[in-house]
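The numbering used here puts the first residue of the sequence shown at -13, with every later residue one more than the last.
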Amino acid sequence: MITVSEIERRYKLSSDEFTKNYVNQGKPVIISGVIPKWNGFSQWSLKYFKELSPSLNIYAKRFSDKGIKICSLTMEKYIGLIEAYEADPLNNLSPPYCHDLPLFSLIPSLIEDAQPFPLDYLPEWYWYKWWRYCQFFLGCSNSVTPLHFDCLLTNNIFFQIVGRKQFTILLPEDAKYCYRKGWRWFLVNPENPDFNKYPEYKNARPIKFIVNPGDILYMPPGTLHHVRSLEMSISFNIDWHTKKSSLNALTASVKGMPIQNSYYNFLLAIGLVFKIPSQVIFKFYKSYLNYIS
Ligand SMILES: O=C(O)CCC(=O)C(=O)O
Ligand SMILES: [Fe+2]
């Protein structure tokens, strides 16, 4: 088992080194120097998205102790709410958080902006129409995603484009100190832990760091993460399996993983292990991109 007390930062990591030293070791890392080379890196802003696609219908979430509440609104309306909030946070309600939006599929012109995309960090299976697997996060300052791990036990490559985010992560072996609720959420608030209620959290080793615009963050399967936007923010991620992580994830079916998740993992595992092309698998997998759990 590896011990990590702070996140490593690397400049333009080669794919071989990324796989060998981070993916295969289950070790998180921040990679700089890749995103700033993209055609559209400096172009992206919430205003730019609003102008590209004002009438696009999107979903935003409110997280609370009672669960996740979903609101539906247009891109123009949503960005308008964020702009009003940022201009005068005290007199405007904090807007919901647009979370897991497949924006490359909804606004295909954005794909060109993210070139050259570092495909060689991903298994070849994902290369064909890689952008279909990406999920965007758009939000105002102080948007928070509570502590959780990604529900299929996938690897996560997270691209930070605009604004900074404060991450608190814990490696999977510390999940036992974080008071799990259901399959993937945790009760502890790592920003202000209540040790009376959650005394075991004293044993946990949270790693806290800032992800800056232009950074790529890699999180291994099962990494717990709590995320706070420090400014108005644009990010996206790609959740992906290796052959090994897909098989590990299948064994989690007996450890409480919901059956729906196991179905998606089964599809990815047969794709990766038996080399069934993603063109065949994607139509069955697609609903995962709107799956809220
Ligand atoms: O950026 C966020 O608020 C959440 C990110 C996240 O949970 C993820 O990439 O899996
Ligand atoms: Fe996540």
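Ideal placement from N, C-alpha and C gives every residue a C-beta, glycine not left out. In this text, all values refer to a predicted model and were calculated from it rather than measured experimentally.
CA-CA distance, residue i and residue j?
{"i": "residue 17", "j": "residue 38", "result": "29 Å"}
{"i": "residue 22", "j": "residue 240", "result": "42 Å"}
{"i": "residue 59", "j": "residue 267", "result": "31 Å"}
{"i": "residue 147", "j": "residue 54", "result": "25 Å"}
{"i": "residue 216", "j": "residue 68", "result": "14 Å"}
{"i": "residue 237", "j": "residue 9", "result": "19 Å"}
{"i": "residue 195", "j": "residue -4", "result": "14 Å"}
{"i": "residue 204", "j": "residue 4", "result": "9 Å"}
{"i": "residue 41", "j": "residue 221", "result": "21 Å"}
{"i": "residue 168", "j": "residue 79", "result": "30 Å"}
{"i": "residue 52", "j": "residue 269", "result": "33 Å"}
{"i": "residue 48", "j": "residue 31", "result": "22 Å"}
{"i": "residue 27", "j": "residue 193", "result": "28 Å"}
{"i": "residue 279", "j": "residue -6", "result": "30 Å"}
{"i": "residue 63", "j": "residue 73", "result": "15 Å"}
{"i": "residue 180", "j": "residue 116", "result": "41 Å"}
For residue i, I'd like the list of residues in its chain whose CB is within less than 7 Å of its CB, leaving aside the five on either flank, ordered along the chain.
{"i": "residue 287", "result": "With the chain covering -13 to 279 only, the question about residue 287 has no answer from this structure."}
{"i": "residue 251", "result": "138, 232, 235 and 236"}
{"i": "residue 61", "result": "35, 36, 39, 40, 42 and 44"}
{"i": "residue 113", "result": "105"}
Between the Cα of residue i and the Cα atoms of the options, which residue gives the shortest distance?
{"i": "residue 83", "options": "74, 260, 65 and 13", "result": "65"}
{"i": "residue 118", "options": "57, 5 and 273", "result": "273"}
{"i": "residue 12", "options": "198, 251 and 159", "result": "159"}
{"i": "residue 75", "options": "199, 90 and 129", "result": "129"}
{"i": "residue 132", "options": "120, 90 and 178", "result": "178"}
{"i": "residue 14", "options": "169, 115, -8 and 199", "result": "-8"}
{"i": "residue 6", "options": "255, 219 and 206", "result": "206"}
{"i": "residue 166", "options": "193, 184, 85 and 32", "result": "184"}
{"i": "residue 357", "options": "92, 85 and 52", "result": "Given that the chain is displayed from residue -13 to residue 279, the structure contains no residue 357 and the question cannot be resolved."}
{"i": "residue 151", "options": "197, 243 and 175", "result": "197"}
{"i": "residue 71", "options": "218, 275 and 269", "result": "218"}
{"i": "residue 20", "options": "31, 275 and 201", "result": "201"}
For residue i, collect the residues of the same chain with a Cβ closer than 8 Å to its Cβ; drop the 5 residues on either side in sequence, then sort them by chain order.
{"i": "residue 25", "result": "98, 99, 100 and 101"}
{"i": "residue 87", "result": "44, 45, 121, 122, 123 and 124"}
{"i": "residue 161", "result": "135, 172, 208 and 210"}
With 9 Å set as the bound, which would you pick, yes or no: does the beta-carbon of residue i sit closer than that to a beta-carbon of chain B?
{"i": "residue 106", "result": "No chain B is present in this structure, which holds just one protein chain."}
Spatial neighbours of residue i within its chain, please: CB distance less than 6 Å, with the 5 preceding and 5 following residues excluded, ordered by chain position.
{"i": "residue 254", "result": "227 and 232"}
{"i": "residue 57", "result": "46 and 82"}
Taking one C-beta from the stretch 178 to 190 and one from the stretch 242 to 249 each time, how about it: are there three or more such pairs within less than 8 Å?
In short, these stretches do not touch, since the Cβ pair count stays below three.
Would the stretch 97 to 109 count as touching the stretch -2 to 9 if we require 3 or more Cβ pairs under 8 Å?
When Cβ pairs closer than 8 Å are counted between the two stretches, the stretch 97 to 109 is seen to touch the stretch -2 to 9, the count reaching three or more.
Taking contact to mean 3 or more Cβ pairs, one atom from each stretch, closer than 8 Å, check whether the stretch 154 to 173 and the stretch 202 to 211 are in contact.
Three or more beta-carbon pairs separated by less than 8 Å link the stretch 154 to 173 to the stretch 202 to 211, which places the two stretches in contact.
Does the stretch 231 to 240 come close enough to the stretch 120 to 133 that 3 or more CB-CB pairs lie under 8 Å?
Here the stretch 120 to 133 does not lie against the stretch 231 to 240, with fewer than 3 beta-carbon pairs under 8 Å apart.
Validate contact between the stretch 143 to 153 and the stretch 218 to 229 using beta carbons, cut 8 Å, 3 pairs:
Cβ pair count under 8 Å is three or more, so yes.
If contact is defined by three or more beta carbon pairs under 8 Å, each pair taking one atom from either stretch, is the stretch 133 to 140 in contact with the stretch 88 to 98?
No: the two stretches stay apart, fewer than three of their Cβ pairs being nearer than 8 Å.
Threshold first: 3 residues or longer. Then list the beta strand (DSSP E) segments lying entirely within the stretch 107 to 183, N to C.
Look at the stretch 107 to 183 and you find these whole runs of beta strand (DSSP E), each 3 residues long or longer: 120 to 125, 130 to 134, 141 to 148 and 151 to 156.
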